[in-house]
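Below is one structure, written out as structure tokens; the observations come after it.
Residue numbers (this note's numbering): 286 to 1293.
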């Protein structure tokens, strides 16, 4: 469907002062190249884009009558098909601009030949005509806008020529071409061809085929030919796909064979019945092997209803491939060529006389728009902004959807809550019809449309025949006012299109007429205006300038206007208000004022769009503080439509200025309809804002703590809010820290376990809730959180991190003999009983603790927790070894920690030495617990020799050492046989002392 709007895309127009009748024309950057009518063999050059009248820049002769012509921006060359002596020739004109300076030197050469002789110091500014030798007559061609490569179409083949820049000297670069590839095509007679970025589009009278060429991996193939035979399915055969066109030709000429229309996309297009053979002719290298894939095939049928069977009246025309580039991705080149650009999207357009088709053929192959013409079209040209179509007497302008498709390829956040763009499927819009008499051809260059008009002879010399009812003698005597000799019947016009900003403002102004009548038309026009500005901003040639700033301002304004539409109107796409308002840069304050300013009635109904926008903006914690008046307005908006969302709205930091009394009134209304724990917690929070701590406590007492924890999981912002990127506690969280610290820890733990807060965020949050006395001090509430999280957590990485955090904090307090700032929520026994990360403290450690003086037991809770953690089965001992340097070994508590670490690391002999040196009373309990299984031998290899050595020198610890030696001998006597027992005894020992143990050992041997 085509929407009709009376807008003004065309501005002023200029007449090209061509001396001779134009036949063909094309644009070369800032110049217009005009090939004169048959017999002239001449090309005139005119300046384009200047405000004054088109200025002739010069002319140059061609070698024959120009049949087709085109210009390549890459390489700055013009290519033509010329007729001479009833033969067709393909030629490229290089350095043609020097002819405008009066230089008449011309060099004619074949591709790849006589390069050195063609360019000397005296002739380096000459124009060069490069001739392409072809075995078949050239019918059509296309220049790639990205590389400058040339694709030539003959009757049943396509020939690809690669553009080459050959550096001959430091100041001289020569252009040349190399033939790379031949595509032999069966079953299709070429009419038009288009080439861009490896994509090849060809048309016959009623068929379109799009292919993609790629350089593949080198394949061992001496012939270097690849045959792509399409497999015609049985379904397509029944639909009329021709495998053997000769068989159809052999049928009687008295019948017209009409095939059914077919559209095949992607790999399905291989079934089109067109066989293609690739013949690589270039040198071995990057382009020595090509691969091909089918992209699109479409066949149309004759319109039998009109009873017109002329191929001229029903054939395809205006084939074009339109590239769109990544925004701001233009890199300058050294040769003066246009900047290199990265292809973003590619579109293909072709047209029948009364309808045009626009496809996207990049990653996705899809028909995005169709264009219905009011009368039979002559030619069409596609641009990123518009589609310009000429009929016999009208220049028509339609909008296109290329920028909408390209924007989605460039920005992954489009069509989310962050960004939006009008859909590709948006109805196309016909902007205007400009009257011209005898339109014959059209071209486009930047913001200029070039049209050629040629009035037919009968139009000049004879009047139009009146209708039958108006025939009279007087009508028959009408004579032309101007003789054909006095005025030419042709004109070449340059029509300047309106600037995007001017046309944008006209569209915005036009849309106001539909605001209260046809909302869909209003949204459609504003979407057109938005796409117009978006397309202008996607132009890779757009530089930082005042124009770009104006375009950005218009873009933001268009987003705001679309946001207004989706927020005010009752449409199915109301959710688009959110991304459009975000892209506009407006604050919630601005949006609320805009919405209210559009309504005269104070009791108006707010639609879903504004509610959707406000809810998501408030939930995303936008850094904005609404005034008390606007906060009250937000509650008024939500109460009649979405009252159940009021608690979530009040939890937003943006609503901190809301009147708490008003908020509680609205919450009470909500509670009557839909009671919930979130409503209760929100009421408690509002009570604290009023200073009513009793009211807050009463609200908290109305639910069990586990239910309240579930409420915090549903709405975490009741406990913590994000302001300017920082997580800060709420007043309710501070209150819970004072009155219910265990409940606060359980709530934060629940948030972490439900992925509502990260560990680092939780640490920072609790530190902000509690102020530590010292800079490095960790509040006990945070330690309580770590302990609770260690009990509940099962993630290995988090567990290891918690191990280190807790051990480091225990060690830090023990080293400074600092007590916790609050009473710990859990004791060591609680932790041991609730999880396996805290282990039972070893008996020898328990034996050691009473031996410590009373002054060393002031941090007994931290010490026992650290000991229990080290006794656990999963603790990573090496991670805390650097921290142990702060704990001295001259105390019983410090010694127990060091010996625990040495034991867990397998350093038993070192642990035995430390115990014998500093706490020999614990050596036997230690040995009984640790020296087992594979460590059993340490009783007689390490402990016995050490005890014997130390008992030879009586001291303060002599009784303890002697008792330990006796116990050790008893264990050894039970473990070893008599011979081994004798071997481990010291040679200088007292036999009387060892005699009882020898007797015990010998008696055990006799029994066994």
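Cβ coordinates follow ideal geometry from the N, Cα and C atoms, glycine included.
Cβ-based neighbour list, residue i, same chain, cut-off 7 Å, excluding 5 preceding and 5 following
i, result
"residue 552", "579"
"residue 664", "602, 603, 675, 726, 727"
"residue 994", "1031, 1032, 1035"
Environment of residue i [buried if 16+ CB atoms lie within 10 Å]
i, result
"residue 1264", "exposed"
"residue 908", "exposed"
"residue 798", "exposed"
"residue 300", "exposed"
"residue 461", "buried"
"residue 574", "buried"
"residue 380", "buried"
"residue 739", "buried"
"residue 698", "exposed"
"residue 935", "buried"
"residue 586", "exposed"
"residue 1151", "buried"
"residue 847", "buried"
"residue 512", "exposed"
"residue 1238", "exposed"
"residue 953", "exposed"
Inter-residue spacing [alpha-carbon to alpha-carbon] between residue i and residue j
i, j, result
"residue 891", "residue 928", "13 Å"
"residue 1084", "residue 1183", "23 Å"
"residue 687", "residue 821", "12 Å"
"residue 980", "residue 972", "6 Å"
"residue 1188", "residue 1135", "21 Å"
"residue 1256", "residue 1247", "14 Å"
"residue 1242", "residue 1025", "52 Å"
"residue 1297", "residue 642", "In the structure displayed, the chain extends from 286 to 1293; residue 1297 sits before or after that span and is not available."
"residue 1185", "residue 1164", "14 Å"
"residue 967", "residue 950", "12 Å"
"residue 1193", "residue 1234", "18 Å"
"residue 881", "residue 635", "48 Å"
"residue 491", "residue 871", "51 Å"
"residue 777", "residue 311", "12 Å"
"residue 1166", "residue 1154", "14 Å"
"residue 302", "residue 340", "8 Å"
Nearest to residue i (by Cα), restricted to the options the options
i, options, result
"residue 1102", "1062, 1116, 1231", "1062"
"residue 325", "369, 297, 311", "369"
"residue 650", "678, 581, 689, 685", "581"
"residue 1100", "432, 964, 1179", "1179"
"residue 808", "1148, 823, 792", "792"
"residue 682", "637, 713, 1116", "713"
"residue 679", "607, 658, 414", "658"
"residue 965", "868, 1259, 988", "988"
"residue 1213", "1197, 493, 1203", "1197"
"residue 717", "710, 732, 783", "783"
"residue 645", "637, 662, 669, 625", "669"
"residue 1066", "917, 1106, 1097", "1106"
"residue 1204", "1132, 813, 584", "1132"
"residue 416", "879, 427, 431, 373", "373"
Close-in-space but distant-in-sequence residues of the same chain around residue i (CB under 8 Å, 5 per side omitted)
i, result
"residue 749", "Unreliable placement is indicated for residue 749, whose pLDDT of 45 sits below 50; no coordinate value is reported for it."
"residue 440", "421, 422, 424, 474, 475"
"residue 1230", "1271"
"residue 901", "702, 863"
"residue 922", "891, 895, 896, 899"
"residue 1073", "1030, 1031, 1034, 1110, 1111"
"residue 1223", "1193, 1194, 1197, 1212, 1216"
Residues near residue i in its chain [Cβ-Cβ closer than 6 Å; skip 5 each side]
i, result
"residue 1225", "1257, 1269"
- Kindly provide the ranges of any alpha helix (DSSP H) runs that are 4 or more residues long and lie completely inside the segment 1104-1132, ordered along the chain. Those alpha helix (DSSP H) runs which fall completely within the segment 1104-1132 and span 4+ residues are 1113-1119.
- Query: Could you give the uninterrupted runs of the alpha helix (DSSP H) lying entirely in the segment 674-709, keeping only those of 4 residues or more?
  - Reply: Fully contained in the segment 674-709 are the following alpha helix (DSSP H) runs of length 4 or more, in chain order: 687-695.
- Task: Please list the segments of the alpha helix (DSSP H) lying wholly inside the segment 791-843, counting only runs of 4 or more residues, in order along the chain.
- Result: You should have 804-822.
- Query: In chain order, which continuous runs of the beta strand (DSSP E) of length 3 or greater are located wholly inside the segment 980-1059?
  - Reply: Complete beta strand (DSSP E) runs here, min 3: 1005-1008, 1011-1014.
- Message: Quick check for students: name the residue ranges of the alpha helix (DSSP H) that lie wholly in the segment 921-945, counting only runs of 4 or more.
- Response: Counting only unbroken stretches of 4 or more residues, the alpha helix (DSSP H) elements lying wholly within the segment 921-945 are 931-935, in sequence order.
- Would you list, in sequence order, the uninterrupted alpha helix (DSSP H) runs of no fewer than 4 residues that lie entirely inside the segment 1135-1178? For the segment 1135-1178, whole alpha helix (DSSP H) runs of length 4 or above, ordered along the chain, are 1145-1155.
- Query: What are the uninterrupted segments assigned as beta strand (DSSP E) that are 3 or more residues long and contained completely in the segment 467-501, given in chain order?
  - Reply: Runs of the beta strand (DSSP E) inside the segment 467-501: 477-481, 484-488, 492-500.
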